[in-house]
Amino acid sequence: MFAEQLKKRDVYAGVLMTLLGAAISLNSYANYRLGTLTQMGPGMFPLMLGVAMTLVGMLILGNAIVAERDPDETILPAQREWRGWACILAGPIAFIVLGQYFGLAAATFGCVFVAALGERSSSVKEAAILAAIITVVGCVVFSLVLKLSFPLVRWGV
Amino acid sequence: MIQSALSDLWFGFGVALEPHNIMWCFIGVLIGNMVGVLPGMGPLATISILLPLTFGIKPVGAILMLAGVFYGAQYGGAICSILLNLPCHPPHAVTCLDGFPLTKQGRGGAALGITVIASFIGASWGITEMIFLSPVLVKVALEFGPSEICALMFLGLLAGSTLARGSPLKGIAMTLLGLTLGIVGSDLDTGMPRFTAGLPNLLDGIEIVGLALGLFGIAEFMKSVNQITAVNTSYTRVGLRDLKPTREELRRAWPAMFRGTLVGSLCALIPGTGPTIASFIAYATEKKISKTPEKFGTGMIEGVASPEASTHSSVQGDFIPTMSLGIPGDAVMALILGALMIQGVVPGPQLIRTHPDIFWGLIASFWIGNIMLVLLNVPMIGIWVKLLAIPYKYLYPSAMFFLCIGVYSTNNDMFQVGETVVIGLVGYILLLLDFHPAPILLGFVLGPRFEENFRRAMMIERGDLTVFLRHPISLVFVSLAFSLVATQIYLRLRKPKVAAAEKALNARIDAVAPAEP
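Heads up: the sequence lines are chains Y and B, in that order.
Going by this note's numbering, the first sequence opens with residue 6, and the numbers climb by one from there.
Going by this note's numbering, the second sequence opens with residue 545, and the numbers climb by one from there.
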């Protein structure tokens, strides 16, 4: 019975919202002055939102427990794209790191190259060519035309 | 009244016809049309990417361009639906039902031709509605006190969250999350930092560009990576000559276009019902009044003309509450409102008086933009059709770069790129749990003003919560909000068939455009 409930997506959705709502309410109650309704302090409005979110979360959870489970339902999507997910998240991180130490050109190349590797059908060579094209276009547009304050090439912090 | 509206409109054309404004409008509709055609890119992601680039241009040009992306994408989205059977763009999902069978019968070109005519008629009506309705709304809204504004925002938020795609309950949860995210930063009254986790970078609040690009960029790419397969382009050879519909098709499509326009303009008046709902209702109406309802789904031209006209009249009508009251109906409008605020323009009923150039210039630019779109779509249809074949694996990595540089350039701050990654990851987890992220943006944009007006209303009324029921105008808004919730509950409990049909269509849209509203 309990194991069956854990296979429903909405159970997780409900629990997540309830916990989030509770965390927001507790945080605003403990850390910020509530004040009165006439003279509201910084904590009053977030507390209201938190309580409302907790209630909505519990409603979602209740609905999920009562509802019949769809046999096709899975928590993670049927095809798990770990590589795709990791590459898409790593793209902007590469942008931050390379941008911080080596400048715009390297950041652009790194970001596009890493993100492009997320697609299963694209090869390293293809990703590199795409990244090179975007780097040239991006540097011309942002550095030369729009004059963004981001050095094209730099070394160190 | 009519005369003053017309003379204001004349002034608007003067603004919109300034060479640089025409240029921005053209760039906007061109980019919009392009992303509307591309499978896997939507107007929300595009407007978020373009938003930082508009900081350098004047407010009028910026708004003209961003609005152009939105309605330009509607023209492009129809091409994708009719020729590829892909609902890349939710408002056009219903067009697939009859548009694609027409394509298979070799009449896809004619369906596109009808679409262009229907779009122009629908849009023109929506614009006319905005010209005459907005001044009236503004006049009423200028009398509003904090409690009325608060009740109106409550209605707008509730409608925006429950009428959007997906479960209404989850929509409300997302709106609440958005309101909470809007709180992050210094408190307006006391200056106390709230929910900043001790990070000084968050004192100014979460950046709207970062939030939008995380939710509609990164999260959507994560959902779509390796999922969008190469599209079947065997039906996409359409040239200029194919666009011409036969006389019989035109005869059947005309009345459908006008019915669709009417449905769309009515939907635009209800807050929260965007173009997607309008097109569904138009299709259902068309099917109901048709003498041959069983033929729908096999290539009825009415099933293309009516939803398309309704989408466009509702898209233009969507701007009415946004520009005249400062209350956006959906996430795209929230983003455009956010763009106005970044430009230092305060949205609300006073906008029409303090910035008549923005208001009337925008309206005039709608017409100019729509004429440009007709000109772009008719002779250049072959080029747009070729764009359909651009593979997603080249598209999203390039978009990732524009996303990073866009977020960075808002404040020249790398922290915000990191913030966007975190928001993207959270957004993807929410997508996995069937939450639709669009209401988050709505709540985020309205949140600070909602809190401010709520506090003010409570201060004036000495903490008496019944004020919302005592003032007649706010009573109307509050009761509308509650009847909205009651109808939703009724529909779900009593009409499981309607709910099931909605769910099935949603699942189809989710496969290609998960985060677009």
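The beta carbon of each residue, even a glycine, is placed where N, CA and C say it ideally should be.
For clarity, every value in this text was computed on a predicted model and none was experimentally measured.
query                                                                                                                    : result
For L646 (chain B) and A800 (chain B), the rounded distance between their alpha carbons                                  : 17 Å
Contacting residues, own chain, Cβ-Cβ under 6 Å from H636 (chain B) (five flanking each side not counted)                : G621, A622 and S625
Under 8 Å (Cβ pairs) to chain Y, residues found in the region 713-729 of chain B                                         : L713, K714, I716, A717, L720, L721, L723, T724 and I727
Contact list for N921 (chain B) against chain Y, beta-carbon separation under 7 Å                                        : Within 7 Å Cβ-Cβ: nothing; N921 (chain B) doesn't reach chain Y, min ~26 Å.
Proximal residues to I658 (chain B) (C-beta, below 7 Å), its chain only, five neighbours per side dropped                : P789, E793, A797, I845, V848 and A849
Local conformation of S548 (chain B) per DSSP, three classes                                                             : helix
From Y:T41, Y:I29 and Y:P47, residue whose alpha carbon lies closest to that of T734 (chain B)                           : Y:P47
Inter-residue spacing [alpha-carbon to alpha-carbon] between H564 (chain B) and F570 (chain B)                           : 10 Å
Check whether V753 (chain B) and L595 (chain B) have beta carbons under 7 Å apart                                        : yes
Exposure label - Q649 (chain B); buried when at least 16 CB within 10 Å                                                  : exposed
C-beta neighbour in chain A for D978 (chain B), strict 7 Å                                                               : Looking at the structure shown, chain A is missing, and the protein chains on hand are Y and B.
Sequence-distant residues of the same chain with beta carbon closer than 6 Å to T706 (chain B), five excluded per side   : P712, G715 and Q1032
Nearest to K831 (chain B) (by Cα), restricted to the options B:D642, B:G761 and B:L656                                   : B:D642
CB-CB length for L720 (chain B) against G987 (chain B), believed under 8 Å                                               : 7 Å
Contact the region 100-112 of chain Y vs the region 76-87 of chain Y: 3+ CB pairs below 8 Å                              : no
Inter-stretch contact at 8 Å, needing at least 3 Cβ pairs: the region 570-582 of chain B / the region 746-763 of chain B : no
Positions along the region 1001-1018 of chain B whose CB lies within less than 9 Å of some CB in chain Y                 : M1002, M1003, E1005, R1006, G1007, D1008 and L1009
Reduced DSSP category for G164 (chain Y) - H, G, I as helix; E, B as strand; rest coil                                   : The shown model of chain Y, from 6 to 162, leaves out residue 164 (chain Y), and the question about it has no answer.
Minimum C-alpha distance to F994 (chain B) - residue among B:F676, B:P690, B:I925 and B:S868                             : B:P690
Unbroken alpha helix (DSSP H) run spanning V581 (chain B), endpoints                                                     : P563 to V581
The alpha helix (DSSP H) enclosing F765 (chain B), as first and last residue numbers                                     : A763 to S768
Chain Y contacts made by the region 925-938 of chain B, where a contact means CB separation under 9 Å                    : P935, Y936, K937 and Y938
For I814 (chain B) and N921 (chain B), the rounded distance between their alpha carbons                                  : 30 Å
Reduced DSSP secondary structure (H/G/I, E/B, other) of G556 (chain B)                                                   : helix
Those runs of the alpha helix (DSSP H) which lie wholly inside the region 98-134 of chain Y and span at least 4 residues : 109-121
Contact with chain Y by T734 (chain B), beta-carbon distance below 7 Å                                                   : yes
Three-state secondary structure (DSSP) of P737 (chain B)                                                                 : strand
Q894 (chain B), buried or exposed, once every other Cβ within 10 Å from all chains shown has been counted against 16     : exposed
Same chain only: Cβ atoms within 6 Å of I693 (chain B), ignoring 5 sequence neighbours per side                          : N997
Which of helix, strand or coil DSSP assigns to S711 (chain B)                                                            : coil
Beta-carbon proximity check, A667 (chain B) vs Q960 (chain B), cutoff 7 Å                                                : no
Per-residue contacts from E830 (chain B) into chain Y (C-beta, under 8 Å)                                                : Neighbours of E830 (chain B) on chain Y: none; closest Cβ ~31 Å, over 8 Å.
Closer than 7 Å to chain Y by CB, I896 (chain B)                                                                         : no
Assigned secondary structure, M45 (chain Y) (DSSP; H/G/I helix, E/B strand, else coil)                                   : strand
Three-state secondary structure (DSSP) of S154 (chain Y)                                                                 : coil
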